[in-house]
Structures are given as C-alpha cells and as structure tokens.
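Take the sequence shown: its position 63, counted from the start at 1, is 67 in our numbering, and no numbers get skipped.
All residues carry an ideal CB built from backbone N, CA and C; glycine is no exception.
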Amino acid sequence: MDLQLNGKVVLVTGGSDGLGAALVRRLAAEGARVALCGRDSERIEHMVKELGATGADVLGVPADVTRPEDLERFVAAADGRWGRIDAVVNNAGRSAAGFFERQDDSVWEEDLQLKLHAAVRLTRLALPHLRAAGGGGVVNTLAVSAKAAGAGSTPTSVSRAAGLALTKALSKELGPDNIRVNAVLVGLVESGQWTRQAEQRGIAVEELYATMGRDSGIPLGRVGRAEEFADLVAFLLSARAGYVTGTGINFDGGLSPVV
C-alpha cells in the first residue's frame, strides 16, 4: 500500500535510537525527507550515513529537546533545507517510573520537560509550517500508562497522561487547519533501553525479550517490534489515515486493561 509520503518532510525527535530510529528508516523507505534529532551526535551521524547510502534524504541535528533553543535550531534546519514541514513526531523520552514518595521535585520537573514541554514547544514551532503546507500530521509517542497508570508508574504515567490530553485538545483545535493529531501508546516494545539493560545484566537482548514476553501477561505472548511501531506511525502520518485524529492507539499486544 502506497502511503503517499514520498517527498513529505517529517521531523522526528529521539530519532537516532530504538523506536525513533526504526521510524526514521521506515519513513525514508517511503520516500519521505526526514529530519531527526537526538542528544548522541555519533548515533545521529551513523543514521545519516546509513540512510544516505541508500539514497534517502535525511538531515541529522544534534539537539536536547528540553532546551528551547535546540528545538528552534532543529526546526530552522529542516525548513532551511527543504522549505517546508509536513509532519512532526514527538518521540523523545525515556522511562522514569518509580514509587511516588521516592520521586522528588527534580525528577518530576525533568520528566515533564522531556515528555510534555518538549512536545508542546516543537509542535508550536512547527504549526506555521504545517499550516503553510496546507495541513499535516502530528504523532505523539506516549505510554500505555497514560490510560492505565499503575503503582510505581510516576512521574512517567502523569507526564504521558498530559500528553494524551494535549493530543485530544490539539486535534480539536487544529482540525479546521487540516492538521491531524494522534498518539501511539507504547507497551513492552523492543528499544534501545532494553538493549542497554540486557548488556548491564550480561545476557542477550533476545533472552530478555523472551522473558518479558513470557512473564508479562501479554495476550500475544511477545514484546512488540520496533518495525511494527514504525509501520503504525507511518500510517498515521499518511493520507491513508486522513480521517483519523484525536486518537490514542494502544500498541501493547493487548496488555492494557483499557481500550
């Protein structure tokens, strides 16, 4: 199925690793022009070289999304290279879940800056460009805890719930501009953080994934694949999902108790 993303300009935060890297590869394979950012300049350079060798048009910008000036530079770099922006994926983030009484103000502030304020700022910066393009798409990568928070899930569950509210509010506000806003709520999915955890434990990441899939109660009996996440987000950004907005899709193999 042609997703009609050829030539579209897509911004992806957290695009040099894990889910974000899988998405960048998927979008590039569809012919999209992709700007990715992240804090690790070596990973960004690797992604740009890897995809550039395939003929893809990719721009890498080292940036810390918690710094407003870095986001401004990211958007300016994409606009300067291609003269337009068609879509934004707010994907930057990492797990910061723990028990409430153990989380001080600094942990809360850092989590909100990374997962909420960064998405607010980047979307706001991109809006004039999306309007100038005649509309576009925004996808926010969240977590299933945004809908079904459990014990020991703060501050991530709260930050992600705020991201879900932002998704719904913006979908209603920006719909008249033909800008669709959706969210993907991620459960247990292959990502860089699990690879690093496996390395710390001295086991193969495949062994860790098998254990997670077996012991977590996922109805499908396995963790999700980064490529499956990428397929879903690419679809949501495409014209094939032209009537889908204000939706939070669980990407969790059926684990979440809520729809």
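Under 8 Å between C-beta atoms of residue i and residue j
i: Val-14; j: Val-142; result: no
i: Gly-140; j: Asp-90; result: yes
i: Val-124; j: Val-190; result: no
i: Leu-63; j: Arg-85; result: yes
i: Met-186; j: Thr-249; result: It is Asn, not Met, that sits at residue 186 in the sequence shown. Yes, these two residues count as a Cβ contact at 8 Å.
i: Leu-236; j: Val-193; result: no
i: Lys-12; j: Arg-37; result: yes
i: Cys-41; j: Ala-67; result: yes
i: Gln-197; j: Ser-45; result: no
i: Phe-239; j: Leu-7; result: yes
i: Ser-88; j: Ala-137; result: With the sequence shown as reference, residue 88 is identified as Arg, and Ser is not the correct amino acid for it. Yes, the pair counts as a contact, with Cβ atoms nearer than the cut-off.
i: Thr-269; j: Ala-96; result: Any property of residue 269 remains undetermined from this structure, which presents the chain solely from 5 to 263.
i: Ala-39; j: Phe-233; result: no
i: Ala-153; j: Ser-161; result: yes
Three-state class that DSSP yields for residue i in the structure shown
i: Gly-11; result: coil
i: Thr-145; result: strand
i: Gly-217; result: helix
i: Phe-255; result: strand
i: Gly-196; result: helix
i: Arg-244; result: helix
i: Thr-249; result: coil
i: Ala-152; result: coil
i: Thr-171; result: helix
i: Leu-224; result: coil
i: Arg-135; result: helix
i: Arg-205; result: helix
Integer-rounded CB distance, given that residue j should sit under 8 Å from residue i
i: Pro-223; j: Gly-252; result: That pair is no contact at about 19 Å.
i: Arg-47; j: Asp-83; result: At roughly 23 Å, the Cβ-Cβ gap does not stay under 8 Å, so Arg-47 and Asp-83 are not in contact.
i: Gly-102; j: Gly-167; result: Not a contact, Cβ separation roughly 19 Å.
i: Ala-230; j: Ser-260; result: No, Ala-230 and Ser-260 are not in contact; Cβ-Cβ is about 19 Å, not under 8 Å.
i: Val-28; j: Met-5; result: Contact doesn't hold; Cβ gap of about 20 Å is too wide.
Any non-hydrogen atom of the ligand FMN within 7 Å of residue i CB
i: Arg-43; result: The ligand content of the structure shown is nil, which means the ligand FMN is not present either.
Check: Taking the runs of the alpha helix (DSSP H) that are 4 residues or longer, which of them lie wholly in the region 13 to 48?
Finding: List check, alpha helix (DSSP H) in window: 22 to 33.
Next item on the list: For the region 62 to 78 and the region 113 to 129, state whether three or more C-beta atom pairs, one from each stretch, are separated by less than 8 Å.
Entry: Inter-segment contact for the region 62 to 78 and the region 113 to 129 is present: three or more beta-carbon pairs are separated by less than 8 Å.
Notebook entry, point to check: Enumerated in chain order, which unbroken segments of the beta strand (DSSP E) with a length of 3 residues or greater are wholly contained in the region 60 to 132?
Noted result: Counting only runs of 3 or more, we get 62 to 66, 91 to 94.
Next item on the list: Indicate whether the contact test is met: 3 or more Cβ pairs, each with one atom in the region 104 to 118 and one in the region 52 to 63, closer than 8 Å.
Entry: No, because fewer than three Cβ pairs between the region 104 to 118 and the region 52 to 63 fall closer than 8 Å, the two stretches do not touch.
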